[in-house]
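Novice:
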Amino acid sequence: MPEMNLVQAINSGLRGAMRENDDVLVMGEDVGRLGGVFRVTQGLQEEFGADRVIDTPLSESGIIGTAIGMALHGMRPVSEIQFADFIYPGFDQLVSEAAKYRYRTAGEYQVPLVVRTPYGGGIRGGQYHSQSPEALFIHTAGLKVVCPSNPYDAKGLLIEAIRDDDPVIFFEPKRVYRAVKMEVPEETYGVPLSEAKIVRAGEQVTCVAWGAMLYEAFSAAEEAAKQGIDTEVIDLRTLWPLDVETIVSSVKKTGRLVVVHEAPQTCGFGGELVALVTERAFLHLEAPPRRVTGWDTPFPQTHEHEYLPLAHRIIPALIETARY
Amino acid sequence: MPEMNLVQAINSGLRGAMRENDDVLVMGEDVGRLGGVFRVTQGLQEEFGADRVIDTPLSESGIIGTAIGMALHGMRPVSEIQFADFIYPGFDQLVSEAAKYRYRTAGEYQVPLVVRTPYGGGIRGGQYHSQSPEALFIHTAGLKVVCPSNPYDAKGLLIEAIRDDDPVIFFEPKRVYRAVKMEVPEETYGVPLSEAKIVRAGEQVTCVAWGAMLYEAFSAAEEAAKQGIDTEVIDLRTLWPLDVETIVSSVKKTGRLVVVHEAPQTCGFGGELVALVTERAFLHLEAPPRRVTGWDTPFPQTHEHEYLPLAHRIIPALIETARY
Amino acid sequence: MHIIREDGSLDPGLDPGLSIDRVVSLYKAMTRTRVIDDRLQRLQRQGRIAFHVGSLGEEAAIIGSAAALRDQDWIVPCYREVGALLWRGYPLQRYVDHMFGNADDPIVGRQMPDHTFSREHRYLSVSAPIGTQLPHAVGLAWAAKKRGLDECVGVFFGDGATSSNDFHAAMNFAAVYQTPTLFLCRNNGYAISLPTDRQTASRTLAEKAAAYRMPALRVDGNDVLAVWRAVREALQRACDGGGPTFIELITYRLGGHSTSDDPRIYRSKEEVESWRRADPLVRLRKHLEQRDVWDDDLDTDWRAACKAEFKECVRRAEEKPAPDLREMFTDVYKDQPLHLAEQESRCLAGPRAAEEDHD
Amino acid sequence: MHIIREDGSLDPGLDPGLSIDRVVSLYKAMTRTRVIDDRLQRLQRQGRIAFHVGSLGEEAAIIGSAAALRDQDWIVPCYREVGALLWRGYPLQRYVDHMFGNADDPIVGRQMPDHTFSREHRYLSVSAPIGTQLPHAVGLAWAAKKRGLDECVGVFFGDGATSSNDFHAAMNFAAVYQTPTLFLCRNNGYAISLPTDRQTASRTLAEKAAAYRMPALRVDGNDVLAVWRAVREALQRACDGGGPTFIELITYRLGGHSTSDDPRIYRSKEEVESWRRADPLVRLRKHLEQRDVWDDDLDTDWRAACKAEFKECVRRAEEKPAPDLREMFTDVYKDQPLHLAEQESRCLAGPRAAEEDHD
Ligand SMILES: Cc1ncc(C[n+]2csc(CCOP(=O)(O)OP(=O)(O)O)c2C)c(N)n1
Ligand SMILES: Cc1ncc(C[n+]2csc(CCOP(=O)(O)OP(=O)(O)O)c2C)c(N)n1
Ligand SMILES: [Mg+2]
Ligand SMILES: [Mg+2]
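Chains as they are written, first to last, in this note's numbering: chain A, 27 to 350; chain B, 27 to 350; chain C, 575 to 933; chain D, 575 to 933.
As structure tokens, then:
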């Protein structure tokens, strides 16, 4: 099995999905000739032509809005938004249209659209090349939200998202793009949506993370283990609809929860997870659930490593929560 | 003192602010000649002229984007978005620009902008005339979010929002527009931002609400009182930055929390409030905090009274929480 | 472009040569739409339906466009075009059920009245946000082109929508990718209270197409034959691979914006009166009478038939129950996820709201 | 419009008649910008700064526009226009401090490099999202007009930005309200990898102004005098109450989109070579030499002086510490709210990240 990094795995997933189904196409700014600013779509235009790997004008509402039209006709467009920070000009189309089309036509029409977008910090991108806006989409009924942490999951989840009949926002941790390599099958395969994965079993505290922060959660858990704290780390993989069972059973076992995410804390997905767990496992909770997140400021540049909820901030949260 | 409903009070607030300060102006679709589709700006164009009460083309990004430009010059525009559901075409300007301008210029520039918009259900408006998107703006660092429940507060908070040097999203509960009347001073006055108000003192359970749902929370509390449950009802008034102290002290007293909002539950502001309280008053909590909210679907029409978290759904939540 | 002259005769140089039966059917459809409009307005005033947004005065622009499209072409509506859907054979009962939001409403009470759709009739779905349907129309046409299908797309929108973000995106993409999309712009003089000449500084809306290098036509939108001809011409070009066309249909909204509006606040009686004289129904009827295929009796009978049909539909609609509460929780996703199943049971098990009626 | 001919002479019919000192100062500013660009590119390659987005080949379009504006006029930048800011006297040290994100960076390390601003120089703030600055420029000009001030606004943007939502909104509002806004469109041939002729189907970008009934000019953006003249003409009209103008500055991005880009993937050497021959600096220098006010020695000295000045700034910048961590928590609002005060103390009290350096 070949080794792939995240960029290669997503590329392989797109290639596989396009080979499998003529209705799949890729569109976005610079995805064709250039192969994407992160080179995720490299080589696709050569294989599938400029009609299926489409360089678009600079318009996110056009990229998403026309893709919705194609999806209504039965195609399966995969739109790329160059950075998650630039999804807002297309926000109306996602929230008002893609999310509500099935509901407002009682299922007569559907929008099998995937919007791929690199998100998050770690490349010194400052305010406009670092954001993690997943909460906005999780709040929007009708959208599915996926965020893989590793190449294998990324490929499988992307293929599954493309096969899915609902609109999916697919967040790619750009900090991980070239940082992690693992064995990934050449052929297509699905990783089911809405299934979280326990990546480290533990007894004393549950730590939930996704995307790039999964690695920080994991290394914090390893570090905490040296201090005698046994952490269970859960990689959500799909953020919504949520695999709430896996989280709640884990917390019922550990009695403790730490959630990690890059987005600002307030009204982030962490608050929702804390609320869900508190509602469902109240009597099992032995410590207040903790959030380790980005601060409630725009994303900075120079100090991005103090902004991000990296291991150095997760470790004390795990220990304090476990010892509460 | 004259009696005013919410529409009249907001109108009076706009009028007062405009008389006080030539830099204040009002702009939006149909706000001038027509006086707004809800008649909130009625008579303002007659008094202040078409240059200060501006009928704009149908473009929310224009309404918000050009207002930001005016605010950068030192004016104090009040932009109306006809329904909160239609704010999304202007979302990029709010999230990428208004919210971040001060931060990204280290305070050299500021955006003293108010965006007024009617929100929420109750007029059989279905999916696109009923939404409550406050959570999206609360999640965005740099924005303030206000939501009055009654005419007196509405006028005072609006005047304060206009005087404020930061961008404020001002949500008006359209269900309350003509439903409530009270004495409101003719002259201008401020109600400070970020101060919640205890509208009903109680000992056994804390119920937090805002806007139109405040009335439901209140009548549920009255109903619960008949069954021996003593509820403290808090009207948030400003959603962000939050008066967290008032809530936390109340919960420290009652040990119990019920949050009510119209927006869908998932990643709504309720989750944030539950998380904040759980983090800060964990050892005082005697029951799991509860959320009574809109369901996680688009806003329906025929059954809107089953979608909204009206008193009939709040009462059992109060009682069950109190008796937990 | 005008074809039907003041006196009811046709400009022989432009007459598209539709069979007289076809022209009569256009008139009948336009009249039927108007009768239904009028009835719905009354029902709203009586509080029997919540809302209506009509097409009074714009029937030629709407029905003429629909008639020029072929069965395999798609219609992407704004919100005034139910006449186009009915022209395609959508059952009136279904529409009336929708207006009442009852159990047979195809959208099961999830939307305001007048938010129709029908896959069977190749008619997308009405949504309220202005302009959002325009990129869909481009994507739909683009998909058809990619799939090698002989399908074009006609998309309706108003003068106000030309200011929207999505108009700009849609026009640009359609022109760049040469999609078979017809941009059917009903310039009815107003966006709620804002007159078209304050919506934009451009003298005509058709001028806007130049920015995208898209061909444009301007036609008298109250002249059903002129509308038909312009749309057919654009359709022909689109089918021949000539890409999109922008068509400005110059018309006038004789009624309020919707049943919630009072247009007297922002426009004069005289203005409305002058446009009433350009009523597209009167114009077409004059022509039919000149050709001796229509008269007062036929007209009275036809209107009476339309009313009777409508009345019967209303009678049935009002007898039907409200949609099942369960319908609130389906179709958010294809398969109902756990959290919605839970919410559904909680809702069904919980207490009911005191009143379902509103004021 | 061209003014400086191939051979360096001026078209006497169009010569705006700038004093020779002024023309020399334009050349010096353009050269200085280029030297700085080149140095920053090197610093980025050496890993000493994180990023740079330059203006190689577009100096005439940028400096010529800035020079035509008056001190009281506002400049609303895209992101390649630091030359315009320096033209207005912005201290180079401050810019270099910003590029290093050190404690003296006016934005205290909160943004990527090349995100400048200066209220003192009536220069708004660079942000990354494309097109968002355009409505600001309209609002700023509108405010000046409302306040009766003699101020106009020049806003820079690229060919790609003409496809953005905000372009459409800004052009429409500017034309409807006749704001004194100059739309300075640097058509540099590409939006990252997308050539302008695939950005839009329109033959020129200037054509787009017709959609809004806004006057438009097209000028050789590599001819600094032509740029100056066009902008001055538009400025005059704006000051006289004639409203906005769209100016297409036809130029070419000789370098990559930014230091993150490799343009060889999407364009040919030949194409770049042909544009290199139209280098605006070479053109202007030829003219200056023809007028006997410039020569090789002066040129070498000036470039050396620019380099030395820059080098000294870099030396100082690299000596300065990083911004205080506290700066991360201020300026979110005017007054720091409770939750940020809490977060600040938590951050300051907590453990530090292992590394501040990136790879
Ligand atoms: C994005 C958005 N903004 C505002 C509204 C409120 N609104 C509904 S219809 C309308 C006017 C539309 O005018 P036009 O496009 O000319 O269509 P017409 O109603 O005249 O057919 C407005 C402002 C909306 N539905 N969507
Ligand atoms: C809304 C948005 N979408 C995408 C991007 C990514 N991006 C940065 S620059 C750029 C191209 C801009 O091209 P143009 O407007 O021609 O300006 P130029 O760089 O050529 O000066 C793109 C797509 C962005 N910054 N903002
Ligand atoms: Mg109209
Ligand atoms: Mg460019």
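Think of the CB as a built atom: it goes at the ideal place given N, C-alpha and C, for glycine as much as any other residue.
Answer with yes or no whether the minimum CB distance from residue 319 of chain B to chain A is below 8 Å.
Specialist: no
Novice: Could you pull the start and end residues of the alpha helix (DSSP H) that residue 771 of chain D belongs to?
Specialist: 770-773 is the span of the alpha helix (DSSP H), which, as asked, contains residue 771 of chain D.
Novice: Measure the alpha-carbon distance for residue 630 of chain C versus residue 699 of chain D and round it to whole angstroms.
Specialist: 49 Å
Novice: Given this structure, state the Cα-to-Cα distance separating residue 804 of chain C from residue 576 of chain C, to the nearest angstrom.
Specialist: 10 Å
Novice: Can you look up residue 931 of chain D in the DSSP assignment and give me helix, strand or coil?
Specialist: In this prediction, residue 931 of chain D scores a pLDDT of 44, lower than 50, which makes its location untrustworthy; the coordinate-derived value is nonetheless stated afterwards. Collapsing the DSSP output to three states places residue 931 of chain D in coil.
Novice: Find out if the Cβ-Cβ distance for the pair residue 342 of chain A, residue 321 of chain A is shorter than 8 Å.
Specialist: no
Novice: For residue 593 of chain C, count neighbouring Cβ atoms within 10 angstroms of its own Cβ and tell me buried if that reaches 16, exposed if not.
Specialist: exposed
Novice: Can you give the Cα-Cα distance for residue 110 of chain B and residue 790 of chain D, rounded to whole angstroms?
Specialist: 36 Å
Novice: Compare the C-beta of residue 97 of chain A against all C-beta atoms of chain B and say whether one is closer than 8 Å.
Specialist: no
Novice: Could you check the C-alpha separation between residue 164 of chain B and residue 901 of chain D for me, to the nearest Å?
Specialist: Distance from the CA atom of residue 164 of chain B to the CA atom of residue 901 of chain D, rounded to whole angstroms, is 22 Å.
Novice: Any idea if residue 95 of chain A is buried or exposed, counting beta-carbon neighbours within 10 angstroms, 16 or more meaning buried?
Specialist: Label assigned to residue 95 of chain A: buried.
Novice: Using a Cβ cut-off of 9 Å, pull out every chain B residue sitting near residue 153 of chain A, in sequence order please.
Specialist: 122, 126, 129 and 130
Novice: Assess, as a yes-or-no matter, whether the stretch 805-815 of chain C is touched by the stretch 847-866 of chain C under the definition of 3 or more beta carbon pairs within less than 8 Å.
Specialist: no
Novice: Could you tell me if the beta carbon of residue 130 of chain A falls within a distance shorter than 7 Å of some heavy atom in ligand 1?
Specialist: no
Novice: Using a Cβ-Cβ cut-off of 8 Å, state whether residue 927 of chain D counts as contacting chain A.
Specialist: yes
Novice: Check whether the Cβ of residue 915 of chain C lies closer than 8 Å to any Cβ atom in chain B.
Specialist: no
Novice: Give me, in chain order, the residues of the same chain whose beta-carbon lies closer than 7 Å to that of residue 932 of chain C; leave out the 5 immediate sequence neighbours on both sides.
Specialist: Because the pLDDT of residue 932 of chain C is 41, which lies under 50, any placement of that residue in the model is unreliable, and the number read from its coordinates should be weighed accordingly. Nothing listed; no residue qualifies.
Novice: For ligand 1, is there any heavy atom lying closer than 7 Å to the beta carbon of residue 758 of chain C?
Specialist: no
Novice: With DSSP collapsed to three states, give me the class of residue 919 of chain C.
Specialist: If DSSP states are grouped into helix, strand and coil, residue 919 of chain C belongs with the helices.
Novice: The alpha helix (DSSP H) with residue 739 of chain C in it runs from where to where?
Specialist: Note, residue 739 of chain C: alpha helix (DSSP H), 739-751.
Novice: Residue 270 of chain B touches chain D at which residues, Cβ-Cβ below 9 Å?
Specialist: 912 and 913
Novice: Which residues in the same chain as residue 930 of chain C place their Cβ atom closer than 8 Å to its Cβ, once the five residues preceding and following it in sequence are excluded?
Specialist: Because the pLDDT of residue 930 of chain C is 47, which lies under 50, any placement of that residue in the model is unreliable, and the number read from its coordinates should be weighed accordingly. These residues qualify, in order along the chain: 896.
Novice: Could you tell me how far apart the beta carbons of residue 242 of chain A and residue 202 of chain A are, in whole angstroms, since I believe they sit closer than 8 Å?
Specialist: That belief does not hold up - the Cβ atoms of residue 242 of chain A and residue 202 of chain A are roughly 11 Å apart, past 8 Å.
Novice: Consult DSSP for residue 31 of chain A and reduce its assignment to one of helix, strand or coil.
Specialist: strand
Novice: Using a Cβ-Cβ distance cut-off of 8 Å, determine whether residue 60 of chain A contacts chain D.
Specialist: yes
Novice: Output yes or no for whether 8 Å exceeds the beta carbon distance between residue 30 of chain B and residue 207 of chain B.
Specialist: yes
Novice: How is residue 37 of chain A classed by DSSP in three states: helix, strand or coil?
Specialist: helix
Novice: What residue range is occupied by the uninterrupted beta strand (DSSP E) comprising residue 819 of chain C?
Specialist: Start and end: 819-824.
Novice: Using a Cβ-Cβ cut-off of 8 Å, state whether residue 931 of chain D counts as contacting chain B.
Specialist: Confidence at residue 931 of chain D is low in this model, with a pLDDT of 44, below 50, so its placement is unreliable and no value can be given for it.
Novice: I'd like the list of long-range same chain contacts for residue 266 of chain A, defined as Cβ closer than 7 Å, with 5 residues on each side in sequence excluded.
Specialist: 164, 170 and 171
Novice: Classify residue 874 of chain C as buried or exposed, calling it buried when 16 or more other Cβ atoms lie within 10 Å of its own Cβ.
Specialist: exposed
Novice: Is there at least one Cβ from chain B nearer than 8 Å to residue 118 of chain A's Cβ?
Specialist: Residue 118 of chain A counts as touching chain B.
Novice: When Cβ atoms are compared, which residues of the stretch 747-766 of chain C fall closer than 7 Å to chain G?
Specialist: Any reference to chain G falls outside this structure, whose protein chains are A, B, C and D.
Novice: What's the gap between the Cα of residue 649 of chain C and the Cα of residue 97 of chain B?
Specialist: 42 Å
Novice: Does the Cβ of residue 746 of chain C lie closer than 7 Å to at least one heavy atom of ligand 2?
Specialist: Not one heavy atom of ligand 2 falls within 7 Å of the beta-carbon of residue 746 of chain C.
Novice: Does the distance from the C-beta atom of residue 768 of chain D to that of residue 730 of chain D stay below 8 Å?
Specialist: no
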